[in-house]
Amino acid sequence: MTVTIEIPASVPAQLKKPEGDAGGADTLATTLYAAAGRYEEFADRAKQLQDLGSWTGVAYRSYKEASGEASGEHSAMATTVRRVGRGVTAFADTLRDLLREHEELVERKRSLDARRTQLIADINAATDPTENDIAAFRERAVDLRADYSELVTADDDLQRRVRENETLLRQVFEASDTLSESLSADGGIPPMAESAMNLPGAPGSGATPEEVQRWWEGLSEAEREAVIAAYPERIGQGDGLPADARDQANRVLLDDDLARLASKEADGTIDPLERKVLANAQQARDSLANADAYTDPLDPGVHPGGQLWLYDPAAYDGDGRVAVAVGDLDTATDVAVMTPGINTDMSDTTYYTDRMMNLYESTRYNGDGSSVATMYWLGYDAPHGPTDLATLTEGRAEEGGRNLADAIDGLRASRPDDPAHLTAIGHSYGSTTTAYATHGNDAVDDVVLIGSPGAGPADTAADLGQGNVYVGRDSRDFVAVLGDEGWIGKFGLGLGTDPSSEDFEATRFEAEDVDRSWIRNTGDAHSSYFDNDSESLYNIGRIVDGHGGDVNEAEQSYDPWWGPPQDPEWDRDPTADQPGRSDTTARR
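Letter 286 of the sequence shown, counting from 1, is numbered 299 in my numbering, and no numbers are missing.
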């Protein structure tokens, strides 16, 4: 009896590799950013030289008119060249993704071909196959055919995206290939991007995060790539958009700043604000490099990656606004957003991103295996220190709380069908900011206040979020004793009620350090809550993982009638090694 088993063909016959050199495109983009800087320099200088003191008359008026026109034209040209450079950067970033996906398809085909070869060999080796053998061979052939079909579909999709990426870059160039277009307000903007951004719900139009999310969902892949390249400022700050889209847009802006301002610095034409912006950009670059290289502590072969969720380096007179995540905010089961306190600006980005790596590590080591993303969020104007009068009031915290609430709403809206377990963490003045953001707001699952000088508008933990409020306070932390409690509160030195006190009714967790030296107590006690192998980090990790009920609880402070406030933690012997903490390092 002859048995026929149809072996599928090896398809596609060839997997076409995307053409182009991402590195070469990056070089072109850098050149364009530098050229944009040159145009800016000329525009600024021409504007400065309009007033020449005692020169008057017809000739001066003609000169002033001509130099003014030249300044405006060069400024417009700078804007266009920057847009083109951003388009090239976006093209290069997408090309890298496409090349990586092509290599994955090549590996898939190699695996399928090996299965096909093995199937043929097994069939040929079966001299007297049973009915079960024949059925098994046919089932393998059917599965192989289905897998080849999926591969063809994936390759078709890849080739379509390659064409769209190339078309978008061509449109970027064509939108500014004449002088009149280059000097126009929309020079360098592809028509596809402009039309997409004019649709209802686009970011920057006053739309809610939910409306922005629906707008994004309604765009094609090509339209999404187009708006990221043409409107990175609006996409990079679009609450409701996926974190990946914001990250792509903000990295385009980052590359622009790094190249353009470094060129101006080399020319000696950079101004003081631009110098601060450049330093901020370099901090963001270094933080992302660290986050991108970080390896998961439970799987050294996995890099959770970094995301630049917010990037505004010129904000607040150069203090900047920034948010960097370790892990994928779009898919992580457990997400934490940490807000810092006084003396924090973008120059601290690398430091705090490293703290977020510590938190990621603790959450994964001591957690239930869920995926994690931890984000450092500086989206408000933090007071500059003890000499800044803003430190003594809650004004910056209240304003920052509104910004943080918007950020949290944006994170929630970006994942309508897959909500994460979300924890809001505030340190120092940032704890007061977090209290304002979560006051009467149930958008977060857990609130963590550490080193807090006061809980702002909240009289009790029940005023914050859904009532899952946790507090960490090192008994030697002299900032944390400023909260209103006992005789301190009577003088109004704090920023609200001390959340570690029994009257506040939050869950206090152990957060002491084994080093009780006075040298450390002068400052380190306030800044060590995210230190590795610490009581505090272990407990915060448990909360972020969704297991706040498992923290090592500490007794709350209290205010006896006969004297000043008392902290029971003062005399407890702290421990360094926490349950579940591995000795394996997760560093780069």
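The beta-carbon is built from N, C-alpha and C at its ideal position, and this holds for glycine as well.
Mind checking whether residue i and residue j have CB atoms under 8 Å apart?
i: Ile463; j: Gly485; result: yes
i: Ala493; j: Pro466; result: yes
i: Val290; j: Gly231; result: no
i: Ala5; j: Thr445; result: There is simply no residue 5 to check, as the chain begins at 14 and stops at 601 in what is shown.
i: Tyr365; j: Ala410; result: no
i: Asn13; j: Pro326; result: Given a span of 14 to 601 for the chain in the structure shown, any question on residue 13 remains unanswerable.
i: Arg298; j: Leu271; result: yes
i: Tyr542; j: Ala524; result: yes
i: Thr376; j: Ala338; result: no
i: Val457; j: Thr473; result: no
i: Gly439; j: Thr352; result: yes
i: Asp343; j: Asp257; result: yes
i: Glu238; j: Glu177; result: yes
i: Ala154; j: Ile241; result: no
i: Ala42; j: Thr93; result: no
i: Leu111; j: Leu132; result: no
i: Gln608; j: Pro204; result: Because the chain in this structure spans residues 14 to 601, residue 608 falls outside the shown range and cannot be described.
i: Gly561; j: Asn454; result: no
i: Leu372; j: Gly219; result: no
Using the beta-carbon count (16 or more within 10 Å), is residue i buried or exposed?
i: Trp68; result: exposed
i: Ile202; result: buried
i: Ser18; result: First, the amino acid is wrong: residue 18 is Ile here, not Ser. Ile18 comes out exposed.
i: Ala134; result: exposed
i: Lys503; result: Note on Lys503: pLDDT 46, under 50, position unreliable in the model; no value is reported.
i: Lys122; result: buried
i: Thr107; result: buried
i: Thr362; result: buried
i: Leu508; result: buried
i: Glu82; result: exposed
i: Ala279; result: exposed
i: Pro573; result: exposed
i: Glu152; result: exposed
i: Asp312; result: exposed
i: Phe186; result: exposed
i: Gly50; result: buried
On a CA-only basis, which of the options is nearest residue i? Give me that one, please.
i: His434; options: Asp347, Gly467, Asn178 and Glu224; result: Asp347
i: Arg95; options: Ala188, Val155, Asp170 and Ser80; result: Ala188
i: Pro429; options: Trp229, Glu82 and Pro573; result: Trp229
i: Glu405; options: Pro396, Ala49 and Gly413; result: In the sequence as displayed, the identity of residue 405 is Leu instead of Glu. Leu405 has its Cα closest to that of Pro396, out of Pro396, Ala49 and Gly413.
i: Arg521; options: Val527, Ala48 and Asp511; result: Asp511
i: Gln27; options: His115, Leu477 and Glu236; result: His115
i: Ser88; options: Arg58, Tyr73 and Ser75; result: Arg58
i: Leu118; options: Thr92, Glu498, Thr44 and Glu163; result: Glu163
i: Leu171; options: Gly314, Glu32 and Phe517; result: Glu32
i: Gly319; options: Tyr329, Asp516 and Val335; result: Val335
i: Ala302; options: Tyr483, Ile283, Arg264 and Lys277; result: Arg264
i: Leu286; options: Tyr329, Gly314 and Ala304; result: Tyr329
i: Ala149; options: Tyr373, Ile136 and Asp160; result: Ile136
i: Arg273; options: Asp544, Asp563, Val527 and Tyr46; result: Tyr46
i: Glu120; options: Pro399, Val97 and Ala167; result: Ala167
i: Asp584; options: Ile553, Asn545, Arg128 and Val527; result: Val527
i: Glu374; options: Thr40, Lys30, Leu65 and Val557; result: Val557
i: Phe491; options: His452, Glu518 and Ala538; result: Ala538
i: Glu407; options: Ala220, Thr221, Pro470 and Arg368; result: Pro470
Residues in its own chain within less than 8 Å of residue i by CB, not counting five upstream and five downstream?
i: Arg227; result: Gly214
i: Leu182; result: Gly100, Val101 and Phe104
i: Ser514; result: Gly496, Glu498, Gln569, Ser570, Tyr571, Asp572 and Pro578
i: Val315; result: Thr308 and Asp309
Excluding the five sequence neighbours on either side, which residues of its own chain have a C-beta within less than 7 Å of the C-beta of residue i, listed in chain order?
i: Tyr244; result: Ala206 and Met210
i: Met90; result: Tyr52, Ser195 and Leu196
i: Ala139; result: Asp146
i: Leu267; result: Ala294, Ala297, Arg298, Leu321 and Tyr324
i: Ala345; result: Ser384, Val385, Ala386 and Ala433
i: Asp199; result: Glu207
i: Gly580; result: Here the sequence assigns Asp to residue 580, which means Gly is not the residue at that position. Excluding sequence neighbours, Asp580 sits near Ser488 and Ser570.
i: Leu62; result: Ser80
Roughly how far, in whole angstroms, is the beta-carbon of residue i from the beta-carbon of residue j, given that I think they are within contact range, below 8 Å?
i: Leu417; j: Ala450; result: 4 Å
i: Ser427; j: Leu254; result: 6 Å
i: Arg174; j: Glu234; result: 6 Å
i: Tyr307; j: Met370; result: 5 Å
i: Pro310; j: Gly340; result: Contact flag wrong, Cβ pair sits at about 12 Å.
i: Ser488; j: Glu412; result: With a Cβ gap of about 31 Å, Ser488 and Glu412 do not count as contacting.
i: Asn565; j: Asn545; result: Actually they are not in contact, since the Cβ atoms of Asn565 and Asn545 sit about 17 Å apart, beyond 8 Å.
i: Glu548; j: Lys277; result: With a Cβ gap of about 48 Å, Glu548 and Lys277 do not count as contacting.
Just to confirm, does residue i get its C-beta within under 7 Å of one of the non-hydrogen atoms of the ligand HEM?
i: Val484; result: Here there are no bound small molecules, and the ligand HEM is not part of this structure.
What residues in its chain sit with their C-beta under 6 Å from that of residue i, if we drop five residues either side in the sequence?
i: Ile501; result: Because Ile501 sits at a pLDDT of 48, beneath the cut-off of 50, its placement in the model cannot be relied upon, and the point is left open.
i: Asp160; result: Leu125
i: Asp39; result: Ala105
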